[in-house]
Every structure is written in C-alpha cells, then in structure tokens.
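See structure below.
There are 2 protein chains.
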Amino acid sequence: MSDFAFTENALSTWMRGEGRDSDIVISSRVRIARNLRSLPFPLVASEEQAEQVRQTVIGAAEQASEALGPLQPVRLDELSEVDRQVLVEKHLVSPALANESQEAAVVLSADESLSIMVNEEDHLRIQCLYPGFQVKEAWERATSVDDVLEAYIDYAFDDRRGYLTSCPTNVGTGLRASVMIHLPALVMTHQIGRVLNAVSQVGLTVRGIYGEGSEAQGNLFQISNQITLGQSEKEIVDNLEGIVGQIIEYERQARSRLVSESKIRLYDRVMRSYGILTHAAIMDGKEAAQRLSDVRLGVDLGWIDGLPMTLLNELTILTQPNFLQKTFGATMNTSEKDMYRAQLIRDKLVKSKE
Amino acid sequence: MSDFAFTENALSTWMRGEGRDSDIVISSRVRIARNLRSLPFPLVASEEQAEQVRQTVIGAAEQASEALGPLQPVRLDELSEVDRQVLVEKHLVSPALANESQEAAVVLSADESLSIMVNEEDHLRIQCLYPGFQVKEAWERATSVDDVLEAYIDYAFDDRRGYLTSCPTNVGTGLRASVMIHLPALVMTHQIGRVLNAVSQVGLTVRGIYGEGSEAQGNLFQISNQITLGQSEKEIVDNLEGIVGQIIEYERQARSRLVSESKIRLYDRVMRSYGILTHAAIMDGKEAAQRLSDVRLGVDLGWIDGLPMTLLNELTILTQPNFLQKTFGATMNTSEKDMYRAQLIRDKLVKSKE
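Here the protein sequences line up with chains A and B, keeping their order.
First residue of the first sequence: 1, per full-length UniProt numbering; consecutive thereafter.
First residue of the second sequence: 1, per full-length UniProt numbering; consecutive thereafter.
Have a look at this one:
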C-alpha cells in the first residue's frame with residue numbers, strides 16, 4: 001500500500017480543465033528526450049551509472065523547483081506493482097519505465113501535467129500533458145522545463161545531429177508530440193482505415209492509447225510524429241497540428257453525416273450503451289471502452305445531459321485493471337474485475353445524474 | 001376509427017387481477033365449441049345460414065344477459081382491419097375469426113373475461129380467460145355460460161359422440177383448456193425441448209401465444225389439451241392442471257439452480273435488458289418480447305422493484321404491431337413501428353418508476 005498522491009485520483013488535476021476541440025481531442029502531449037553527456041544510455045548503463053543518472057536528474061529537479069513549482073520525485077522500486085501500473089494507466093509513465101527499467105523514477109508536478117521519466121530508454125523524458133487540442137501549449141511548456149533543467153544538467157548534444165538519444169528515431173530534437181483523439185464517427189462509417197493510412201504517409205504514427213503496440217480501444221487513437229531529425233521543433237508541432245486539425249474536420253463531417261442520414265440508429269446505439277452502462281452487472285474492459293465511446297459521442301451531440309466530459313475521461317482511466325484493483329483494494333481475478341468495473345461505472349454515472 | 005370499448009385498453013379488466021402462480025402462469029383459458037343443430041357448420045354454410053347463426057347466437061346472448069351480465073355483440077365486418085387485429089392481439093378472438101370467417105362476430109363481457117366467437121370453425125366458441133393458474137375456475141365459468149346459453153340454443157349433440165364439432169379433434173366435450181406460461185429458466189438451461197417433448201407425449205399441445213402455427217416469443221408458451229373425445233371435461237381439466245403443475249415445478253427448480261449457480265450472470269442479463277428497454281430508440285417485436293421476458297423474470301426474482309406484473313402483461317400486448325398502430329393512430333411501416341414500440345416501452349417503464 002502506498003500514500004503517493006498520484007494514486008488518489010484517476011484524473012490528474014490538469015485533465016479537469018478543458019482545451020480547444022475537447023469534444024474530439026482528449027489530450028495533447030509533448031515529450032522531449034534528453035541524455036546526460038557523461039554517462040552511457042540506460043540500456044547499456046551499469047546499476048551504479050543508472051543510480052547516478054537518477055540522483056543527477058532528481059537533484060536538478062529539486063534545484064529547479066523555484067522556477068518549475070514543487071515537484072515530487074517517485075522511485076519506481078519503492079512502489080507496489082499495482083501502483084506502478086496505475087502510473088501507466090494514468091499516462092504518467094510508459095509501460096517500459098514501469099516494467100523494464102533499472103533505477104527507474106518519475107518526477108511529477110502537483111497537477112501531474114508535468115512528468116519527467118528517469119532511466120527509461122533515455123536518461124530523461126520530459127512530458128507535458130494538456131487537455132484538449134493544445135499541442136503548441138504543451139510544447140512551449142516542455143521547452144521551458146527543458147531550458148530550466150539544462151542549467152543544471154550537461155546534455156549530450158552534437159552540433160550536426162542535435163540532441164543525442166538512445167534510439168536513432170529520437171535523435172535531433174528528441175521531440176515527440178502527440179494527441180489522444182476520439183474518432184467514433186470515422187470508425188462507424190468505415191473511413192478510419194483510409195484516414196489513418198493517409199496519416200502514416202505524411203510521417204505521423206497512430207497507436208493505441210497506451211503507446212507502442214497497444215490496441216485502439218473505445219475509438220481512441222494516439223497520433224504522433226514519427227520523425228525527429230531534420231525538422232525543427234516548430235515544424236514538427238505545426239505539422240502535427242495541421243494534420244490533426246484535418247482529422248478533426250473529417251470526424252466532424254462524419255458525425256454530421258451520421259446525424260443527418262441515420263440519426264435514429266445512432267441515437268439508439270448511444271442510448272442503449274448508456275442504458276447498459278447504468279444497469280449492467282458484468283462489464284469487461286473492451287466493452288466498457290466501446291460503450292463509453294458511444295456515450296461520449298452522445299454527450300458531444302447534446303443527447304445526454306448533465307454528464308461532464310471529465311467524468312468520462314475519469315472512467316476511461318478508472319476502469320483500467322490496475323486502477324480498479326487500487327480502488328477496491330483487493331486482489332481480483334478477471335471476472336471479479338468485470339463486476340467491480342460494472343459497479344463503478346454504474347455508481348459514477350447514476351450519481352452524476354442526481 | 002372505432003369507439004369500441006375493447007380498443008381502449010391493451011389489458012382486459014380481468015387481466016388486472018392476479019391468480020395463483022402468476023409469477024409463471026400468465027393466464028388460463030377454457031373454450032367450449034358448440035354448434036346449432038339445425039344449420040351446417042360455418043365452413044360449408046351459405047352466407048344466409050351464417051347470418052342466421054349470428055342472429056341466433058347474439059339473440060341468445062341478449063336474452064341471457066340477466067344471468068350473464070351485460071354483453072356487447074361486435075360484428076367483425078363493422079370493424080376496421082386494425083381493430084380486428086387488436087381483438088386478436090388481446091386474445092379475444094382467433095386469427096381465423098378475424099381473417100377468414102364469414103358473418104363473424106364476437107360477444108364480449110364488460111371485463112372481457114368472457115368472449116363468445118360466432119362463426120369461427122364452429123358456430124359458437126365460448127371462451128373464458130382468467131389471470132394466473134386458474135384452469136378449473138375458467139372451466140366452471142365457461143360451463144355455466146354454456147348452461148345458460150343452452151336454454152336458448154338447440155345444440156348439435158349426439159348421445160354416443162357428445163357435442164358435434166366442425167373438426168373431429170373437438171368432438172365430444174368440445175373443450176379446450178389452456179394456459180399461457182412463462183418458462184425463461186427452462187429455455188436458458190436448454191431443458192425446454194425435453195419438457196415440451198414430454199408434454200406432447202401425454203396428449204397436450206404446445207403453441208406460441210397466438211395459437212396454432214404461431215412461434216413462441218419471449219419464452220411464453222401456450223399449453224393445451226389435444227384430445228376432447230373419450231375423456232370427461234373434468235379429466236381434461238385435471239390432466240392439464242396436473243401436468244402444468246409439474247412444469248411450474250420444473251421452471252421453479254431451473255430458476256433456483258440459475259440463481260445459485262450463476263446469479264451474477266443472470267442478474268447482468270436481466271438488468272441489461274431493463275437498461276435497454278428504458279433507453280433504446282428502436283425495438284423490434286422479437287427483441288421486445290425477449291427483453292420483457294428477462295425483466296419479468298427479474299421482477300419475479302425480486303431484483304426489480306416497483307414494476308407491477310400487470311404492466312408487463314400490458315406491454316406484451318401493447319407492443320404488438322396492430323395495437324401500436326391503434327395507440328399512435330397512424331399507418332406505420334415496420335421501422336416506424338420499431339421506433340414507436342421503443343418509445344412506448346420506455347415511457348411506460350420510466351413512468352412506473354416515478
């Protein structure tokens with residue numbers, strides 16, 4: 001059991017805000033990969049070297065706290081398995097940091113909008129998360145954090161290649177910008193394949209919401225830049241913003257078409273999902289994601305009143321297996337999780353209506 | 001448009017009462033087939049002869065009204081097509097009387113527990129309907145009506161063969177006793193085939209709720225005696241009562257087993273159906289019947305509060321295609337019916353909770 005602040009709420013404070021286009025874009029994220037000049041990359045570092053990295057980064061964060069606000073360092077080896085997975089389910093650390101890294105740590109801001117992963121693939125990964133479609137804002141924040149830290153850390157930098165990173169795909173700016181986007185209408189109208197294919201033609205990557213290799217659930221997709229070298233940070237951010245803007249437009253068009261051509265069938269689907277979520281006693285993760293997607297669309301279309309979007313964001317995270325375990329406090333098998341998940345969704349949705 | 005009393009409510013007044021075992025047996029019915037000695041059976045009668053039958057029976061009913069209470073004669077050729085089908089959907093007349101009979105009429109008591117069909121397969125078919133498991137009570141009532149009418153009508157009767165009927169399967173007592181029974185647990189546990197097979201081995205017939213040739217919907221079955229000759233009326237009624245009593249027992253056992261072995265899965269199924277019925281915007285007749293069956297089981301098991309069984313009985317009839325048309329007043333295609341059906345169920349269920 002732990003008393004870390006991040007385990008208290010499913011939704012980070014930053015997520016309670018609303019950004020632009022937040023009916024379609026759930027969140028925007030920018031991460032910057034950096035490494036210390038004097039030490040080998042984590043994959044080839046000894047335990048002592050990795051420990052040195054951790055101490056250096058945490059030390060720098062402490063020194064920078066006047067400029068950045070209070071930061072909490074968390075050593076992952078001091079967490080229970082469940083708490084480590086909760087960090088993943090909240091998107092504060094990657095699965096790789098939680099499962100495969102030595103001397104792994106994360107430095108969190110109080111509202112969890114800033115998280116600095118230590119000893120993942122790179123020595124530091126500075127992540128900034130914003131609600132809605134705010135890639136530029138996230139990038140500006142991440143850059144300012146990066147600038148502050150650079151005063152305390154000697155980064156590995158090459159004049160020709162830029163910032164050096166463990167994996168060549170991150171060399172250069174070390175910047176990855178991404179959005180988590182909800183595209184139910186493009187999925188329902190079978191246009192998603194074509195759209196995602198086009199996206200990958202222009203140097204962007206599409207993933208599930210838990211990063212590389214994860215499946216898209218509940219019509220949520222993560223779209224990010226593929227290339228970090230040969231483009232300026234601004235070009236990367238502008239390119240992502242431009243293309244995501246187009247996808248938002250396609251999704252809006254698909255929604256209007258669905259509403260004008262088969263409103264009653266769409267309404268039926270949305271309301272059935274709402275009826276099932278507020279009544280079912282067993283709900284697996286995949287069904288929950290899909291039905292929450294339907295309900296989110298219903299809220300966007302003004303068909304379901306009094307259901308705040310932040311509650312749906314919260315439920316998306318709360319209903320993940322480890323968060324469930326954390327919430328109900330017991331070790332559970334899959335069937336039990338399906339029952340607790342149903343109960344939690346029911347309670348939260350019914351309560352929000354009262 | 002018509003102003004006949006029977007079109008005003010889906011549920012006949014008699015159906016608002018509750019009988020024995022009404023968690024499993026919806027209703028009990030006895031009908032007695034009788035013919036006039038002096039005229040040919042309807043199938044071979046001329047129009048004039050059929051008219052004479054109608055006048056004789058309606059005249060007798062009028063004369064008998066002191067003993068039987070007020071009776072309303074209804075000529076089917078004076079009804080709209082929709083009203084005729086509403087009579088069928090309320091089980092007051094058979095599809096054959098509504099669709100195929102010349103000079104067809106029905107005589108109804110005010111609470112619709114007594115209906116006398118005129119010029120169906122036989123000149124008269126006296127039907128008595130009771131809520132719950134009350135075959136004996138229905139039989140006693142039908143017999144008393146028969147006795148009263150016999151004072152005014154000269155029945156075709158043969159000392160050796162008994163009452164003569166158009167179809168040989170009805171000769172003798174002319175008695176058919178039946179129950180409409182709800183067997184969801186036997187269906188879910190795949191025992192229904194075996195049970196219905198056994199039923200047909202002992203001289204009983206199983207049908208859908210709209211009689212011969214109709215499919216069982218919503219786990220509702222009509223069980224009736226096959227044989228009318230060579231058994232006394234009492235034997236027929238006792239036999240049906242005994243066997244239905246056993247089926248009720250099997251259904252109760254299957255329900256207990258389901259509850260003890262897979263309660264949460266059954267509860268999930270019931271509550272999902274309730275959630276869908278209270279939220280869906282499109283609902284076809286088959287799905288409505290199945291989900292109403294689930295909800296009925298949920299009410300029986302005490303899982304859904306404040307939902308009177310009579311409302312479920314009413315919805316079973318209200319959601320039939322012609323009743324829907326009657327209720328909403330317009331000519332509708334199938335998709336429109338599916339929308340009105342969903343709306344009606346939603347409104348009725350939500351209202352009953354307020």
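Note that beta-carbon positions come from the ideal geometry of N, C-alpha and C, so glycine has one too.
All values derive from a computational prediction rather than experimental measurement.
Judged by DSSP secondary structure, residue 60/A falls within the alpha helix (DSSP H) whose first and last residues are 47-63. Comparing C-alpha distances from residue 206/A to each of 223/A, 331/A, 122/A shows the shortest one belongs to 223/A. With contacts defined by Cβ atoms closer than 8 Å, residue 232/B and residue 132/B do not form a contacting pair.
At least one beta carbon of chain B lies nearer than 8 Å to the beta carbon of residue 268/A. Nearest to residue 341/A by alpha-carbon distance, out of 277/A, 9/A, 119/A, 249/A, is 277/A. Annotation: residue 42/B to residue 166/B spans about 8 Å, alpha carbon to alpha carbon.
Here DSSP, grouped into helix, strand and coil, assigns residue 70/B to coil. When the alpha-carbon of residue 104/A is set against those of 57/A, 244/A, 139/A, 69/A, the nearest one is in 57/A. Annotation for residue 143/B: the continuous alpha helix (DSSP H) segment containing it runs 135-150. Minimum Cα-Cα distance from residue 208/B among the listed residues 86/B, 199/B, 200/B, 220/B corresponds to 220/B. Among the residues of the region 273-299 of chain B, those with a Cβ less than 9 Å away from any Cβ of chain A are 273, 274, 275, 276, 277, 278, 279, 280, 281, 282, 283, in the order of the chain. Under DSSP, no beta-bridge partner is assigned to residue 301/A. For the options 309/B, 120/B, 305/B, 201/B, the alpha carbon positioned closest to that of residue 33/B is the one of 120/B. Within 10 angstroms of the beta-carbon of residue 174/B lie 16 or more other beta-carbons, which makes it buried. Boundaries around residue 265/B are those of the alpha helix (DSSP H), 233-277, since no beta strand (DSSP E) includes it. For the pair residue 333/B and residue 237/A, the Cα-to-Cα distance works out to about 53 Å.
Residue 179/A holds the alpha-carbon nearest to the alpha-carbon of residue 248/A among 168/A, 52/A, 179/A. Non-local C-beta neighbours of residue 217/B in its own chain, meaning closer than 6 Å and more than five positions away in sequence, comprise 289, ordered along the chain. A direct Cα-to-Cα measurement between residue 62/B and residue 142/B gives close to 17 Å. Contact holds between the region 322-332 of chain B and the region 82-92 of chain B, because three or more Cβ pairs, one in each stretch, are under 8 Å apart. For residue 339/A, the C-beta contacts it makes with chain B under 8 Å involve 264, in order along the chain. Contact residues of the region 180-214 of chain B toward chain A are absent (C-beta to C-beta distance below 8 Å).
Residue 93/B sits in coil when the DSSP states are folded into three classes, being neither helix nor strand.
Neighbours of residue 271/A in chain B, taken as residues whose beta carbon is under 8 Å from its own, are 279, 280, 281 in chain order. For residue 40/A, there is no enclosing alpha helix (DSSP H), as DSSP marks it with neither H nor E. DSSP places residue 310/A within a helical segment (H, G or I) once states are collapsed to three.
A direct Cα-to-Cα measurement between residue 115/A and residue 69/A gives close to 13 Å. DSSP places residue 158/A in the strand class (E or B) of the three-state scheme.
Under the three-state reduction of DSSP, residue 169/A is assigned to helix. Within 10 angstroms of the beta-carbon of residue 29/B lie 16 or more other beta-carbons, which makes it buried.
One thing to note: residue 157/A has its Cβ no nearer than 8 Å to the Cβ of residue 92/A. Under DSSP, residue 190/A forms no beta bridge with any residue. Using a Cβ distance threshold of 8 Å, residue 108/A and residue 72/A count as a contacting pair. Within the DSSP bridge table, the entry for residue 317/B names no partner. Across the structure, residue 300/B and residue 112/B are spaced so that their CA atoms are roughly 26 Å apart.
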